[in-house]
Amino acid sequence: MRAVACTALISLSLLYVSCGSEKPSTGPRPSPTATVEAQVTLGNRSVTDMVGRALRVPDSLSRVVAITPSAADFAAALGLDVVGRSTDAAAPAVAAAPTVGSSLAPDFNAIAALKPDLVIGDAAFDGARLRDFERFAYPVFLLKVSSYDDVLLALVALGDAIGRTQQGRDAAAAIEIGVADLVRPLARNVPPTVIILTGSGREVYAGSDQTYIGSL
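Numbering of the sequence shown is given in numbering that gives the first Met the number 0, commencing with residue 0 and proceeding in unit increments.
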């Protein structure tokens with residue numbers, strides 16, 4: 000179901016420790032804060048993201064960097080060219096894009112090097128980085144998705160922001176139709192009482208009606 004593709008996926012980063020007398024060569028250290036200086040011409044349009052931040056974006060945009068898996072899914076759903084992705088976004092539509100750090104630690108140097116029209120993030124991961132985003136040269140649109148209804152709202156909000164309003168509404172409508180088709184055969188039955196658990200090992204979570212899967 001396409002709605003499921005819009006949920007945020009969390010991947011734990013692994014720390015690799017090398018032993019031995021000779022240290023392997025490493026690439027440049029990722030920049031965890033927005034210290035990158037770039038000459039960027041701000042766009043003419045003013046839009047508001049899903050946490051109420053005002054941004055200026057180009058009249059026409061297509062190249063985006065998605066710094067969370069959910070951001071990559073939304074961008075792909077609206078036909079945007081994802082030129083950079085977080086290391087934990089592995090959907091086939093964006094898997095070939097270069098990585099720009101993880102969801103919890105975006106690399107601003109790597110993002111700036113791609114010269115995106117727009118950076119898309121998720122408030123669930125990036126809510127503590129608002130000051131970094133304000134200092135960053137490129138506009139960052141934050142999604143806020145914690146329920147099924149939020150998925151539909153996010154498609155419309157992002158579609159409006161990128162100048163693809165009808166495409167955003169069409170994508171939301173397609174999800175609603177898909178869900179209705181699944182629910183319709185069950186309408187005459189008494190719904191069971193269920194508990195929804197996700198995760199594994201010690202990392203087990205219950206899906207309340209305040210979560211995406213619970214609300215769905």
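Glycine included, each C-beta is placed from N, C-alpha and C at the ideal position.
Would you call residue i buried or exposed, if buried means 16 or more other Cβ atoms sit within 10 Å of its Cβ?
i, result
"Leu79", "buried"
"Ala205", "exposed"
"Gly200", "exposed"
"Ile119", "buried"
"Pro97", "exposed"
"Ile161", "buried"
"Val64", "buried"
"Val203", "exposed"
"Arg163", "buried"
"Asp180", "exposed"
"Ser184", "Reading off the sequence, residue 184 comes out as Pro, not Ser. Exposed, by the Cβ-count rule."
Are residue i and residue j touching if we call contact CB-CB under 8 Å?
i, j, result
"Asp116", "Arg62", "yes"
"Met49", "Ala173", "no"
"Ser69", "Asp121", "yes"
"Gly42", "Asp58", "yes"
"Val81", "Ala89", "no"
"Leu77", "Ala170", "yes"
"Phe99", "Pro91", "Per the sequence shown, the amino acid found at residue 99 is Val instead of Phe. Result no, Cβ atoms of Val99 and Pro91 do not sit closer than 8 Å."
"Arg168", "Gly177", "no"
Give me the Cβ distance between residue i and residue j, rounded to the nearest whole Å; I'm assuming they're in contact under 8 Å.
i, j, result
"Ile110", "Ser85", "Actually they are not in contact, since the Cβ atoms of Ile110 and Ser85 sit about 10 Å apart, beyond 8 Å."
"Ala71", "Val93", "4 Å"
"Ala153", "Leu142", "5 Å"
"Ser102", "Ser146", "About 19 Å; that fails the 8 Å criterion."
3 or more residues per run - each beta strand (DSSP E) lying fully within the region 57 to 88: Every unbroken stretch of the beta strand (DSSP E) spanning 3 or more residues and falling wholly within the region 57 to 88 is given here in chain order: 62 to 65 and 80 to 84.
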